[in-house]
Amino acid sequence: MLLDNNINTILIILQQWESSSKTFFSKSKCVKPKVNLDLQKDNPKVVHAFDIEDLGDEAVYCRCWRSKKFPYCDGAHAKHNQETGDNVGPLIIKRKEA
Ligand code: FES
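All you need for my numbering is the position in the sequence shown, starting with 1, plus 2.
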């Protein structure tokens, strides 16, 4: 009798967990975090283009979207990485020495 009650309790808990997990993991209700938190939010797509001839010997571009000088890196990725455990860093383009 005690074993039957325990099994019934476990079954009820599993049924409740299953129904709640379907809601929690449902694609329609799942919200994925955004990369861009506040840059040009009125723009449907943030794009930057540069002529290769205009780049100096080195250009450092932000990939974490936290730079105050976006699209250039200002080192804000370090704080982001420290706060989140992430590991993002800049894209560095260097001109080869001739
Ligand atoms: S500030 Fe974003 S990669 Fe450096």
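For glycine and all other residues, C-beta sits at the position ideal for the given N, C-alpha and C.
Since we're looking at a predicted model, the values are computed, not measured.
Report task. Say yes only if the C-beta of Leu73 is nearer than 6 Å to one or more non-hydrogen atoms of the ligand FES, and no if none qualify. Result -> For this step, residue 73 is matched to residue 71 along the sequence shown. Looking at the sequence provided, one finds Pro at residue 73 rather than Leu. Because no heavy atom of the ligand FES lies under 6 Å away, the Cβ of Pro73 does not count as near it: no.
Requested in this report: Go through its chain and collect everything with a Cβ distance to Val37's Cβ below 6 Å, but skip five positions before and after it.
Outcome: Within the sequence shown, numbered from 1, the residue matching residue 37 stands at position 35. For Val37, where only same-chain residues beyond five positions count, the Cβ hits under 6 Å are Trp67.
Query raised in the report: Under a Cβ-count criterion, where at least 16 other Cβ atoms within 10 Å of its own Cβ denotes burial, should Phe72 be classed as buried or exposed?
Result: Along the sequence shown, read from residue 1 onward, the residue named residue 72 stands at position 70. Phe72 comes out buried.
Report task. Express the C-alpha separation of Gly91 and Val33 in angstroms, rounding to a whole number. Result -> Looking up residue 33 in the sequence shown gives position 31. Looking up residue 91 in the sequence shown gives position 89. Approximately 25 Å between the Cα atoms of the pair.
Query - Euclidean distance between Cα positions of Gly87 and Gly77 - result: Reading the sequence shown from its first residue, position 85 is the one you call residue 87. Reading the sequence shown from its first residue, position 75 is the one you call residue 77. Rounded to whole angstroms, Gly87 to Gly77 spans 16 Å at the Cα level.
Query raised in the report: Taking just the CA atoms, how far does Arg65 sit from Ile54?
Result: As a working note, residue 54 is residue 52 in the sequence shown. As a working note, residue 65 is residue 63 in the sequence shown. Between Ile54 and Arg65, the C-alpha separation is close to 19 Å.
Query raised in the report: Say the cut is 6 Å; is the CB of Arg97 nearer than that to a heavy atom of the ligand ADP?
Result: Ligands in the displayed structure: the ligand FES; the ligand ADP is not one of them.
Report task. Confirm the yes/no value for this check: CB of Ala78, any heavy atom of the ligand FES, distance under 6 Å. Result -> As a working mapping, residue 78 is identified with position 76 in the sequence shown. The answer is yes for Ala78.
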